[in-house]
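What follows is one structure encoded as structure tokens, with my remarks underneath.
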Amino acid sequence: MPVVNDAVKTWLNSHIDRGFSPAALVDAMVGAGFESELARATVNASFDAADAADAARAAAAATPCGIEAAAGQYRYDPAPLAAGNVIRACDRDVKVLMRCERPQIVVFADVMSDEECGEMIERSRPLLKRSTTVNPENGSRDVIPNRTSEGAWYHRGADAFLERLEQRFASLMNWPVENGEGLQVLRYGIGAEYRAHFDYFPPSQTGSGVHIARGGQRVATLVLYLNDVATGGETFFPDAGVSVAPQRGGAVYFRYMNGARQLDPLSLHGGAPVLEGEKWIMTKWVREGVFA
Ligand code: PD2
Ligand code: ZN
Numbered sequence: 001m002p003v004v005n006d007a008v009k010t011w012l013n014s015h016i017d018r019g020f021s022p023a024a025l026v027d028a029m030v031g032a033g034f035e036s037e038l039a040r041a042t043v044n045a046s047f048d049a050a051d052a053a054d055a056a057r058a059a060a061a062a063t064p065c066g067i068e069a070a071a072g073q074y075r076y077d078p079a080p081l082a083a084g085n086v087i088r089a090c091d092r093d094v095k096v097l098m099r100c101e102r103p104q105i106v107v108f109a110d111v112m113s114d115e116e117c118g119e120m121i122e123r124s125r126p127l128l129k130r131s132t133t134v135n136p137e138n139g140s141r142d143v144i145p146n147r148t149s150e151g152a153w154y155h156r157g158a159d160a161f162l163e164r165l166e167q168r169f170a171s172l173m174n175w176p177v178e179n180g181e182g183l184q185v186l187r188y189g190i191g192a193e194y195r196a197h198f199d200y201f202p203p204s205q206t207g208s209g210v211h212i213a214r215g216g217q218r219v220a221t222l223v224l225y226l227n228d229v230a231t232g233g234e235t236f237f238p239d240a241g242v243s244v245a246p247q248r249g250g251a252v253y254f255r256y257m258n259g260a261r262q263l264d265p266l267s268l269h270g271g272a273p274v275l276e277g278e279k280w281i282m283t284k285w286v287r288e289g290v291f292a
């Protein structure tokens, strides 16, 4: 007598997806030698599981902000990034130094040249203003002690130099350039930090709505390091036990929303206090839809 193993379940799921009826699948299993009660129970259980998955997908699609997954419930579907140890990103070969699967983190070297990093720093120096964060209640941008950097924002495609960088980052992340927010450059002096936070807009916070309305939820972040930091300033993921040291021209990518619009609580991260020297970074946040 055959047994119900993973291969049988996979076969059942694929036939349910293709529209076969429960009766037809029970008949097929009985024809293959399964006992009829077992066949009926197995087919019913597979239909129940498929219905539950459909309902979860529909709920996620109907939820404007996505769904913050409970610990251990986030499903790690494949990130859009290319495989391999070197990724051709438009006009540049980028080295992959580290990949972490849970949460999804990739560390890169050689994303930007020394000259490009220097240019971004010099352009930004006169524009810096104290950084803000999104107010959880009303969505306004407030100065708070958790984030003590200074920053400058750039409109997407503001000039040819920025456009070229944006094309490269879009190619590296394999995500449309139109879904990217404008670049933001940040400077951290000694002691400055960005305490642990999420880059996605938490669905439970009313202030998230106004931000989601423009391009949908954030799905991933690319943090580019514009200088070497003598001590401190790491990008850390406290619940994953991962810490990335800034290296000029390198970057860290992390992805926190999957295709079912679940949000990954393991993507909690921060910028550690700078202990010596200063830290310059540039961030590219990307949305699920076009950010206009
Ligand atoms: O400063 C950092 O390393 C950092 C890391 C992750 C900054 C941010 N996120 C951010 O500005 O969101
Ligand atoms: Zn962040």
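Here full-length UniProt numbering is used: the first residue of the sequence shown is 1, the next is one more, and so on. Note that CB positions come from ideal geometry on N, CA and C, so glycine has one too. None of the values given here were measured: they were computed from a predicted structure.
Nearest-angstrom beta carbon gap, residue 216 and residue 287 [assumed within contact, 8 angstroms]: 5 angstroms
Proximity test, residue 199 beta-carbon vs the ligand ZN heavy atom, cut-off 6 angstroms: yes
Integer-rounded CB distance, given that residue 113 should sit under 8 angstroms from residue 249: 7 angstroms
Heavy atom of the ligand PD2 within 6 angstroms of residue 313 beta-carbon: Past the boundaries of the shown model lies residue 313; the chain is included only from 1 to 292, so the question cannot be answered.
C-beta atoms of residue 182 and residue 225 nearer than 7 angstroms: no
Coil, strand or helix - residue 46 by DSSP: helix
Cross-strand partners of residue 90 (DSSP beta bridge): In DSSP, residue 90 forms no bridge with anything.
Contiguous beta strand (DSSP E) assignments of at least 3 residues, all confined to the region 257 to 281: 269 to 271 and 274 to 276
Per-residue burial, residue 230 [other beta carbons within 10 Å of its own, 16 or more giving buried]: exposed
Touching by the beta-carbon criterion (3+ pairs, under 8 angstroms), the region 194 to 209 and the region 150 to 167: no
Contact between the region 63 to 78 and the region 126 to 141 (3+ Cβ pairs under 8 angstroms): no
Closer than 6 angstroms: residue 271 CB and nearest the ligand PD2 heavy atom: yes
Status (buried if at least 16 other CB within 10 Å, exposed otherwise) for residue 10: exposed
Touch test, the region 79 to 91 against the region 275 to 285, Cβ-Cβ under 8 angstroms, three pairs minimum: No, the region 79 to 91 does not touch the region 275 to 285.
Nearest candidate by alpha-carbon position, reference residue 133, set 184, 28, 147 and 239: 147
Bridge-paired residues (DSSP) for residue 166: In DSSP, residue 166 forms no bridge with anything.
Of the listed residues 222, 211, 234 and 243, nearest to residue 66 (C-alpha basis): 211
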